[in-house]
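Quick note, the first sequence lines up with residues 23 to 443 if you use my numbering.
C-beta: ideal position from N, C-alpha, C; glycine also.
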Amino acid sequence: MLDIKFIRENADIIKAGAAKKLITADIDRLLAVDDERKALRQEIDNKRAEQNRRSNEIQRAQGDERVKILEAMKQLKEGMAEEEERYKTVMEEWQKLMLSVPNIPDISVPEGESDAENVEVKTWGEPTTFDFAPKSHVDLMVALDMADFERGSKVAGFRGYFLKNDGVLLANAVWQLALKHFMYKGLKPLVAPSLVRRETLLGSGYLPQGEEDLYKTQDGDFLAGTAEVATMAYYMNEQVDLENGPIQFLSFSPCFRREAGAHGKDVRGLIRVHEFFKWEQVILCKAEHDESVRLHEFVNRNTEEFIEQLGIPYHTVINCGGDLGLGQVKKYDIELWVPGEKTYREISSASYFHDFQTRRLNIRYRDAEGNLRFAHSLNSTAIPTPRILVSIVENYQQADGTIRVPEALVPYVGKSVIGPA
RNA sequence: GGAGGAGUGGCAGAGCGGUCUAAUGCACCGGUCUUGAAAACCGGAGUCCUGGCAACGGGACCGUGAGUUCGAAUCUCACCUCCUCCGCCA
Numbered sequence: 023m024l025d026i027k028f029i030r031e032n033a034d035i036i037k038a039g040a041a042k043k044l045i046t047a048d049i050d051r052l053l054a055v056d057d058e059r060k061a062l063r064q065e066i067d068n069k070r071a072e073q074n075r076r077s078n079e080i081q082r083a084q085g086d087e088r089v090k091i092l093e094a095m096k097q098l099k100e101g102m103a104e105e106e107e108r109y110k111t112v113m114e115e116w117q118k119l120m121l122s123v124p125n126i127p128d129i130s131v132p133e134g135e136s137d138a139e140n141v142e143v144k145t146w147g148e149p150t151t152f153d154f155a156p157k158s159h160v161d162l163m164v165a166l167d168m169a170d171f172e173r174g175s176k177v178a179g180f181r182g183y184f185l186k187n188d189g190v191l192l193a194n195a196v197w198q199l200a201l202k203h204f205m206y207k208g209l210k211p212l213v214a215p216s217l218v219r220r221e222t223l224l225g226s227g228y229l230p231q232g233e234e235d236l237y238k239t240q241d242g243d244f245l246a247g248t249a250e251v252a253t254m255a256y257y258m259n260e261q262v263d264l265e266n267g268p269i270q271f272l273s274f275s276p277c278f279r280r281e282a283g284a285h286g287k288d289v290r291g292l293i294r295v296h297e298f299f300k301w302e303q304v305i306l307c308k309a310e311h312d313e314s315v316r317l318h319e320f321v322n323r324n325t326e327e328f329i330e331q332l333g334i335p336y337h338t339v340i341n342c343g344g345d346l347g348l349g350q351v352k353k354y355d356i357e358l359w360v361p362g363e364k365t366y367r368e369i370s371s372a373s374y375f376h377d378f379q380t381r382r383l384n385i386r387y388r389d390a391e392g393n394l395r396f397a398h399s400l401n402s403t404a405i406p407t408p409r410i411l412v413s414i415v416e417n418y419q420q421a422d423g424t425i426r427v428p429e430a431l432v433p434y435v436g437k438s439v440i441g442p443a
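Here's what the structure looks like:
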């Protein structure tokens, strides 16, 4: 959500931003509704002022005078009831429109319609080459009894999976190395709820637009698709202290995604599953653009460094306008080389939001002048499992079907090669 | 799941239909006093919306939302959260 005053003063910039994001938002309608809102508010406030005055008179009035004032009050109230009804209707539309206004993309965000037009800004390592025919992660992991997809779908349905044996050890090793790496960067570990209330998703910007991709309980709660939701809502309706620097969380949670609209995509393996685990970086900082930019580079670089420790070739792209969400100002995706598909696949996504989320969540801090301001927020994937296992096993596979363990993970896996049991 | 109790300003806590522009204490800021500090004393402070260049003015906010009333922190209802006890449970 943006500031209505800002919207009023910068309607053209917001329209241009929405166009870049290929998001439709009726700004003109919002401005008209806002005019109506302000006028009505003024009228109602004036009548309330009179009501307050009269109420005080009633206490002191006696006999006929009292009866006269009571009569006048009755009329005043009738007029107010009508206006308040209208105000309620206007506010409903106002709220709805406000929630649909996208944040403005940064000037450095390229034009484009879909992820196909994201722009590569960095590559690291060379796509892995093999002097034998490489296998897919599905074949590798099944052969080494690291995963079971048949029983996965028998038990959990489409996209279900079990991790087994060395698959479990590998996932656990990634978690442990991640915890160490990101804590060293100054992030504070947190295990966050996945089962969350509606307002947390509204606040972080996943609702009302993204409802179809969320699992919902019979109590009206939701299963979040990322720890970002609960972690951002941690300080909902609070004032935070940013005097000693930004608040930096490394947050773990199970993640649930219905993947509505992705039915034909990635139907095999661990690339796209309904249920996975993720460490997420979540940051709150002062409401300064430069600080947001600095931390955006910071969180993205943290993840790049982690991938470099694993020794997996990757590239980083800056997402084009059409691939940005409602609240995002700018986003980087890190994509890892997947030999089986001979392409890079997304493993991480780092975005900053300015005060888009914190305004919805009502998270403020006191600035140096003593004014209350909405903080800025950012988030970035630290590392997801099991998706990361796809790139590990495919890039580290050997001619005999065994898998070398990335050196950084050896201490946590307890061996340097994964082979037949 | 059942039975009770409670949610008031940064914190503690009074108020239970009109003088609440919410007592009091602690914490906070300014001042007096002091070589300085502490103590004491005096004074000041919230958030949001809205009008105005400003000075200043209007409205709202006592968990949230509806309602009763000329008037609600105070009464009614629903919801949320917390606490106590019972039951169930990893």
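Check                                                                                                                           : Outcome
7 Å CB neighbourhood of P408 in its chain, flanking five on each side removed                                                   : L185, A193, L292, F298
Straight-line Cα distance separating R279 from Q270                                                                             : 25 Å
Beta-carbon contacts of I91 that lie in its chain and below 7 Å, excluding the five residues immediately before and after       : R76, E79, I80, A83
Best match in W116, L348, Q240, S399 for proximity to H318 [C-alpha to C-alpha]                                                 : S399
Closest by C-alpha distance to A443, when choosing among A41, L62, G189                                                         : G189
Backbone secondary structure at R70 - three-state DSSP                                                                          : helix
Contacts around L209, its chain only, beta-carbon distance under 7 Å, and the 5 residues preceding and following it disregarded : Q270, F271, L272, Q303
G441, buried or exposed, once every other Cβ within 10 Å from all chains shown has been counted against 16                      : exposed
I29 to A47 span [Cα, whole Å]                                                                                                   : 12 Å
Buried versus exposed call for P361 [16 or more other C-beta atoms within 10 Å across all chains shown]                         : buried
Classification of T111 by the beta-carbon crowding that lies within 10 angstroms, buried from 16 upward                         : exposed
V262 versus D355 - alpha carbon distance                                                                                        : 29 Å
DSSP three-state assignment for T248, whether helix, strand or coil                                                             : coil
Pair within 8 Å by beta-carbon distance, F274 and A249                                                                          : yes
Bridge partners - H159, DSSP secondary structure assignment                                                                     : Paired residues: none, contrary to the question.
Backbone secondary structure at I126 - three-state DSSP                                                                         : coil
Environment of F378 [buried if 16+ CB atoms lie within 10 Å]                                                                    : buried
Helix, strand or coil at P406 [DSSP, three-state]                                                                               : strand
Buried versus exposed, by CB contacts within 10 Å (16 or more), L332                                                            : buried
For K207 and Y366, the rounded distance between their alpha carbons                                                             : 26 Å
Pairwise C-alpha distance: N187 and G134                                                                                        : 43 Å
Supposed close pair P428, I410 - CB separation, criterion 8 Å                                                                   : With a Cβ gap of about 10 Å, P428 and I410 do not count as contacting.
CB of F320 within 8 Å of CB of H203, strictly                                                                                   : no
Residue range of the beta strand (DSSP E) that includes V262                                                                    : 260-262
Given 8 Å, three or more beta-carbon pairs between the region 95-114 and the region 44-61                                       : yes
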